[in-house]
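Participant:
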Amino acid sequence: MNYKFFLSFLSFIIVLMACNSSPYRQGEALYVTNCANCHMEDGSGLGRNIPVLAQSDYLVTHRNQLACIVKYGLKDTILVNGTTYHQAMPGNAKLSDVEITNILNYVFQAWENNLPVIHLKEVTMSLETCNDNFVKYFADFIEKR
Ligand code: HEC
């Protein structure tokens with residue numbers, strides 16, 4: 246193998262590895278594992294049972310509560326793009342703050358959502374408010390905390 250070819254091959258592999266382990270890729274993988282069976286891989290939800298994440302106005306109006314929803318679930322009556330939903334969403338109490346940040350950033354960038362990036366600090370701060378302000382809305386909050 247010629248040396249130049251080997252070097253470019255090596256850099257190709259390094260770039261490939263960097264892409265796979267990027268926060269966006271981790272967010273996507275976590276989304277597929279934890280969210281896609283309900284919200285669908287394309288974020289379209291499921292009729293009147295599961296709300297959409299693609300172009301959801303709720304993502305914009307409830308930005309500060311999204312980390313709490315991902316971690317502890319939601320059991321409320323909510324309005325998303327003019328449709329009412331009242332099924333419960335289970336929590337993902339095992340996800341770390343970093344994983345929640347990566348999932349939210351994936352959702353914010355996927356499906357042409359184009360929402361501003363959310364930083365780890367913002368997620369951690371939101372999570373500190375779950376207990377005080379939103380406890381009544383969370384599904385199984387007490388058990389999973
Ligand atoms: C078992 C099905 C299910 C799973 C799995 C699930 N959700 Fe939900 N999700 C729901 C339901 C149902 C609601 C509406 C809850 C309500 O009305 O109180 C909801 C609401 C939401 C909302 C607010 C409404 C909207 O559409 O903008 C967000 C954001 C959300 N889910 C994100 C996620 C993310 C991210 C994951 C993965 C970590 C996830 N969900 C996993 C069923 C699910």
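Per the numbering used here, the sequence shown starts with residue 246, numbered consecutively.
Where is the CB? At the ideal position from N, CA and C, for every residue including glycine.
Given the structure is predicted, the values throughout are model-derived calculations rather than measurements.
Mind the definition here: the region 358-375 touches the region 320-329 only if three or more C-beta pairs lie below 8 Å; say whether that holds.
Facilitator: Not touching, per the Cβ criterion.
Participant: Put Arg322 into one of helix, strand or coil per three-state DSSP.
Facilitator: Just to set this straight, residue 322 is Thr in the shown sequence, not Arg. Looking at Thr322 - three-state DSSP - the assignment turns out to be coil, as it is neither helix nor strand.
Participant: Helix or strand or just coil, what does DSSP make of Ile295?
Facilitator: If DSSP states are grouped into helix, strand and coil, Ile295 belongs with the strands.
Participant: Only counting the same chain, and skipping five residues up and downstream in sequence, which positions put a Cβ closer than 7 Å to that of Ile345?
Facilitator: Excluding sequence neighbours, Ile345 sits near Ala312, Val315, Lys316 and Val368.
Participant: Around the C-beta of Tyr276, are 16 or more other C-beta atoms found within 10 angstroms, so that it is buried, or is it exposed?
Facilitator: Tyr276 should be labelled buried.
Participant: Would you check if there are 3 or more beta carbon pairs closer than 8 Å linking the region 247-259 to the region 274-290?
Facilitator: The answer is no - the region 274-290 does not touch the region 247-259, with fewer than three Cβ pairs under 8 Å.
Participant: For ligand 1, is there a heavy atom less than 7 Å away from the beta-carbon of Ile259?
Facilitator: Flag unset: Cβ of Ile259 not near ligand 1.
Participant: Near Pro296, which residues of its chain fall below 6 Å by C-beta distance, leaving aside the five closest residues on each side in sequence?
Facilitator: These residues qualify, in order along the chain: Gly290, Val325 and Tyr330.
Participant: Over the uninterrupted alpha helix (DSSP H) stretch that includes Gln271, give me the two end residues.
Facilitator: Gln271 -> alpha helix (DSSP H) spans Pro268 to Asn279.
Participant: Just to confirm, are Gln332 and Asn294 a CB contact at a threshold of 8 Å?
Facilitator: In contact: Gln332 and Asn294 (Cβ atoms closer than 8 Å).
Participant: From Tyr269 to Asn347, what distance separates their C-alpha atoms?
Facilitator: Whole-angstrom Cα-Cα distance: 6 Å.
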